[in-house]
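In our numbering, the protein residues as written are 176 to 545.
Now the structure itself:
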């Protein structure tokens with residue numbers, strides 16, 4: 176599968192085109208010139224006719240969850256055309272006529288959610304996608320690209336709205352964002368978008384951004400109306416020698432008396448004070464955030480390690496291939512590794528700079544010699 180990377184939002188998305196057959200039928204009698212315009216629009220390679228291509232079985236795709244909490248801005252819509260020449264060349268390499276996904280302007284580290292339940296079929300480095308996660312659903316496949324880290328593994332079963340990673344700007348991209356793509360079962364790979372369709376009509380469910388857990392308010396402490404011992408319940412107090420009331424004591428004698436004992440505590444006193452539970456909850460929250468950050472960092476490190484390992488493996492594979500063939504081209508490496516032209520050039524350039532290969536010719540005619 177392939178989706179497009181982030182592109183600068185340049186212009187608005189052209190109108191949807193999936194109603195062309197219906198329009199022809201409606202206007203066939205009233206506008207005979209329609210027959211002349213239809214053949215002209217089909218052979219034009221640059222016309223983004225499959226902007227919103229027909230879906231083979233739209234009813235099979237259920238309501239999907241947005242791939243994040245809350246709401247985020249769309250920075251590059253499905254079918255949009257890039258203004259950046261580098262991205263235009265990428266589109267030509269990928270064989271797409273327009274953006275085959277939706278880009279959301281997420282800050283790095285934003286939690287990414289699964290749009291529906293399914294099984295993870297790809298997680299980790301994915302060429303121009305950077306770090307990505309792909310999930311196989313009952314109705315098709317969804318992909319989440321340019322991540323900072325991933326928190327799931329291949330063959331993991333995920334639930335709808337489950338956190339699967341965090342957004343970033345890995346791979347071929349112009350800045351932090353999430354590329355979200357959807358491909359139905361039995362896709363029409365000739366629709367100009369490699370079988371991907373506009374996910375906008377289906378992503379309708381959302382979950383508010385989780386707020387930090389509020390410190391639970393302790394139930395109000397019992398308000399004793401009478402702190403004196405309950406003689407009707409407690410053990411009867413043995414009679415003590417009563418103080419003789421007939422001889423009032425002098426102030427001096429009163430000062431010599433021991434201070435009265437404090438009244439007994441209520442049955443369930445609110446100790447420690449209310450501030451203590453709040454402090455404890457704050458500490459727990461800090462620990463939870465620290466643990467989450469540590470997990471994200473760990474996943475990011477694992478992702479970078481996996482990316483480096485995959486790059487090293489690809490370079491070794493190219494070297495062995497060149498050693499066997501003696502002469503290789505960029506096109507052969509693209510077919511060997513299933514990567515884009517720029518990625519293949521990057522790998523070959525590293526082998527040349529390290530002295531493992533030599534070049535002959537320039538530009539597209541460059542041949543790499545062992």
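Even for Gly, the Cβ is constructed at its ideal location relative to N, Cα and C.
Which two residues bound the contiguous alpha helix (DSSP H) that contains residue 265? 260–269
Measuring CA to CA, which of 511, 503, 545 and 530 is closest to residue 539? 503
Once DSSP output is grouped into helix, strand and coil, what is the label at residue 545? coil
Taking the continuous beta strand (DSSP E) assigned at residue 339, which residues delimit it? 338–342
Would you please state the rounded distance, in angstroms, between the beta carbons of residue 532 and residue 543? I believe it to be under 8 Å. Right, their Cβ atoms sit about 5 Å apart.
Within 8 Å, do at least three Cβ pairs link the region 304–313 to the region 264–283? no
Local Cβ density within 10 Å of residue 451, reported as buried at 16 or more and exposed below that: With a pLDDT of only 37 at residue 451, under the threshold of 50, the placement of this residue in the model should not be trusted; the figure read from the coordinates follows. That one is exposed.
On the DSSP bridge assignment, give the partners of residue 322 in chain order. 306 and 342
State the DSSP-derived secondary structure class of residue 328, mapped to helix, strand or coil. coil
Buried or exposed: residue 316, going by 16 or more other Cβ atoms within 10 Å of its Cβ? buried
Boundaries (first-last residue) of the alpha helix (DSSP H) holding residue 521: 516–528
Kindly indicate which three-state DSSP category residue 464 falls into: helix, strand or coil? helix
Using CA coordinates, which residue listed in 505, 365, 339 and 245 is at the minimum distance from residue 467? 339
Determine the closest residue to residue 255 out of 301, 241 and 274, with distance taken between C-alpha atoms. 274
For residue 247, collect the residues of the same chain with a Cβ closer than 7 Å to its Cβ; drop the 5 residues on either side in sequence, then sort them by chain order. Closer than 7 Å at the Cβ level, and outside the excluded window around residue 247, lie 279, 280 and 281.
On the CB-based measure, 16 or more other CB atoms within 10 Å of its CB, does residue 487 come out buried or exposed? Its Cβ having fewer than 16 others within 10 Å, residue 487 is exposed.
What whole-angstrom Cβ distance do residue 310 and residue 333 have, given they're in contact under 8 Å? 6 Å
Would you be able to state if there are at least three C-beta pairs under 8 Å between the region 318–328 and the region 345–358? yes
With DSSP as the reference, label residue 496 as helix, strand or coil. helix
Along the chain, where does the beta strand (DSSP E) containing residue 578 start, and where does it finish? Nothing about residue 578 can be reported from this structure: the residues present for the chain run from 176 to 545 only.
Mind checking whether residue 342 and residue 475 have CB atoms under 7 Å apart? no
Should residue 289 be labelled buried (16 or more other beta-carbon atoms within 10 Å of its own) or exposed? buried
Ignore the nearest five residues each way along the sequence and tell me which others in residue 497's own chain have a CB closer than 7 Å to its CB. Only 503, 532, 543 and 545 meet the Cβ criterion.
Near residue 377, which residues of its chain fall below 6 Å by C-beta distance, leaving aside the five closest residues on each side in sequence? If you ignore the 5 residues before and after residue 377, its C-beta comes within less than 6 Å of the C-beta of 236 and 239, all in its own chain and listed in chain order.
Excluding sequence positions up to five away, which residues of its chain have a Cβ less than 7 Å from the Cβ of residue 494? For residue 494, where only same-chain residues beyond five positions count, the Cβ hits under 7 Å are 526 and 531.
Tell me, to the nearest whole angstrom, how far the beta carbon of residue 375 is from that of residue 251; I am working on the premise that it is less than 8 Å. That belief does not hold up - the Cβ atoms of residue 375 and residue 251 are roughly 12 Å apart, past 8 Å.
Those runs of the beta strand (DSSP E) which lie wholly inside the region 358–385 and span at least 3 residues: 378–380
How is residue 532 classed by DSSP in three states: helix, strand or coil? coil
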